[in-house]
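Engineer: Sharing a structure with you now.
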Amino acid sequence: MKRIQATVHGTVQGVGFRYYTQQEALRLGVTGYVRNLPDSTVEIVAEGTDSQIQALLAWAHQGPAAARVTRVVVVEQAASSSFQNFSIER
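The opening position of the sequence shown corresponds to residue 227 in this note's numbering, with each subsequent residue numbered one higher.
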(Lines of atoms letter the chains of each structure in order from A and count residues from 1; the text may use other names and numbers.)
(Lines give C-alpha, C1' and ligand atoms only; values in the text may rest on other atoms or scores of the structure.)
Protein backbone atom coordinates (compact mmCIF):
# COMPACT_ATOMS: atom_id res chain seq x y z
CA MET A 1 0.00 0.00 0.00
CA LYS A 2 1.24 3.46 -0.91
CA ARG A 3 0.09 6.91 0.25
CA ILE A 4 0.83 10.23 -1.41
CA GLN A 5 -0.02 13.87 -0.93
CA ALA A 6 -0.09 15.75 -4.22
CA THR A 7 -0.47 19.50 -4.64
CA VAL A 8 -1.78 20.42 -8.09
CA HIS A 9 -0.95 23.89 -9.41
CA GLY A 10 -2.47 25.85 -12.30
CA THR A 11 -6.07 26.60 -13.21
CA VAL A 12 -7.50 23.84 -11.05
CA GLN A 13 -10.24 25.48 -8.97
CA GLY A 14 -13.68 26.23 -10.38
CA VAL A 15 -13.21 23.75 -13.25
CA GLY A 16 -14.56 20.53 -11.72
CA PHE A 17 -11.12 19.23 -10.75
CA ARG A 18 -12.24 17.81 -7.39
CA TYR A 19 -15.29 16.06 -8.85
CA TYR A 20 -13.35 14.46 -11.71
CA THR A 21 -10.50 13.51 -9.39
CA GLN A 22 -13.01 11.70 -7.18
CA GLN A 23 -14.51 9.92 -10.20
CA GLU A 24 -11.07 8.80 -11.41
CA ALA A 25 -10.03 7.67 -7.92
CA LEU A 26 -13.23 5.64 -7.52
CA ARG A 27 -12.70 4.08 -10.97
CA LEU A 28 -9.15 3.10 -9.96
CA GLY A 29 -10.13 1.85 -6.49
CA VAL A 30 -8.05 4.49 -4.67
CA THR A 31 -9.07 5.83 -1.24
CA GLY A 32 -8.42 9.26 0.28
CA TYR A 33 -9.68 12.76 -0.43
CA VAL A 34 -9.32 15.84 -2.60
CA ARG A 35 -9.80 19.45 -1.51
CA ASN A 36 -9.23 23.04 -2.60
CA LEU A 37 -6.55 24.97 -0.73
CA PRO A 38 -6.62 28.73 -0.04
CA ASP A 39 -3.66 29.35 -2.40
CA SER A 40 -5.76 28.22 -5.43
CA THR A 41 -4.14 24.79 -5.60
CA VAL A 42 -5.82 21.41 -5.12
CA GLU A 43 -4.57 18.84 -2.62
CA ILE A 44 -4.97 15.11 -3.25
CA VAL A 45 -4.26 12.61 -0.49
CA ALA A 46 -4.56 9.09 -1.83
CA GLU A 47 -3.83 5.50 -0.84
CA GLY A 48 -3.66 2.48 -3.10
CA THR A 49 -1.26 0.15 -4.83
CA ASP A 50 1.72 1.62 -6.63
CA SER A 51 0.04 1.15 -10.01
CA GLN A 52 -3.23 2.73 -8.80
CA ILE A 53 -1.38 5.77 -7.42
CA GLN A 54 0.72 6.15 -10.57
CA ALA A 55 -2.44 6.04 -12.70
CA LEU A 56 -4.13 8.69 -10.53
CA LEU A 57 -1.05 10.94 -10.69
CA ALA A 58 -0.84 10.54 -14.47
CA TRP A 59 -4.47 11.64 -14.66
CA ALA A 60 -3.84 14.57 -12.26
CA HIS A 61 -1.11 15.93 -14.54
CA GLN A 62 -3.84 16.44 -17.17
CA GLY A 63 -7.01 16.91 -15.13
CA PRO A 64 -10.43 17.57 -16.67
CA ALA A 65 -10.74 19.43 -19.98
CA ALA A 66 -11.25 22.88 -18.40
CA ALA A 67 -8.19 22.58 -16.12
CA ARG A 68 -4.71 23.80 -16.98
CA VAL A 69 -2.25 21.93 -14.78
CA THR A 70 1.17 23.56 -14.58
CA ARG A 71 2.79 21.45 -11.86
CA VAL A 72 2.09 18.54 -9.52
CA VAL A 73 4.22 18.28 -6.37
CA VAL A 74 4.10 14.80 -4.82
CA VAL A 75 5.19 13.77 -1.32
CA GLU A 76 5.11 10.12 -0.29
CA GLN A 77 3.71 9.44 3.18
CA ALA A 78 3.35 6.40 5.41
CA ALA A 79 0.23 4.47 4.42
CA SER A 80 -2.37 4.30 7.18
CA SER A 81 -5.31 2.47 5.58
CA SER A 82 -7.52 4.96 7.41
CA PHE A 83 -9.72 5.85 4.42
CA GLN A 84 -12.83 3.87 3.52
CA ASN A 85 -13.57 5.70 0.26
CA PHE A 86 -12.46 8.72 -1.79
CA SER A 87 -14.20 11.93 -0.78
CA ILE A 88 -14.34 15.60 -1.69
CA GLU A 89 -13.52 17.76 1.32
CA ARG A 90 -14.72 21.32 1.54
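Cβ atoms here follow ideal geometry from the backbone N, Cα and C, with glycine treated the same way.
(1) Can you look up threonine 247 in the DSSP assignment and give me helix, strand or coil?
(2) Shortest alpha-carbon distance to valine 260 belongs to which of Ala232, Trp285, Val298 and Ala284?
(3) Quick check: arginine 229 and alanine 305, are their CB atoms within less than 8 angstroms of each other?
(4) Would valine 271 and glycine 258 qualify as a contact pair, given that the criterion is a beta-carbon distance under 8 angstroms?
(5) May I ask you to list the residues that DSSP assigns as paired with valine 301?
(6) So, is arginine 244 buried or exposed, given that buried needs 16 or more other C-beta atoms within 10 angstroms?
(7) Looking only at C-alpha atoms, which of Gln248, Gln239, Arg297 and Glu273 sits nearest to serine 307?
(8) Please check the pair alanine 292 and glycine 242, which I expect to be a contact at CB under 8 angstroms, by giving their CB distance rounded to whole angstroms.
Structural biologist: In brief:
(1) Residue numbering aside, residue 247 sits at position 21 when the sequence shown is read from its first letter. Helix at threonine 247.
(2) The count along the sequence shown starts at 1 and reaches residue 260 at position 34. Closest by alpha carbon: Ala232.
(3) In the sequence shown, the residue the question calls residue 229 occupies position 3. In the sequence shown, the residue the question calls residue 305 occupies position 79. In this structure, alanine 305 lies closer than 8 angstroms to arginine 229 by Cβ.
(4) Counted from its first residue, the sequence shown places residue 271 at position 45. Counted from its first residue, the sequence shown places residue 258 at position 32. Pairing valine 271 with glycine 258 gives a Cβ-Cβ distance under 8 angstroms.
(5) Residue mapping note: residue 301 aligns to position 75 of the sequence shown, counting from 1. Answer by DSSP bridge pairing, in chain order: Gln231.
(6) Position 18 of the sequence shown, counted from the start, is the residue given in the question as residue 244. Arginine 244 should be labelled buried.
(7) Here residue 307 is taken as the residue at index 81 of the sequence shown, counted from 1. Looking at Gln248, Gln239, Arg297 and Glu273, the one whose alpha-carbon comes closest to that of serine 307 is Glu273.
(8) Position 66 of the sequence shown holds residue 292. Position 16 of the sequence shown holds residue 242. Confirmed, about 6 angstroms.
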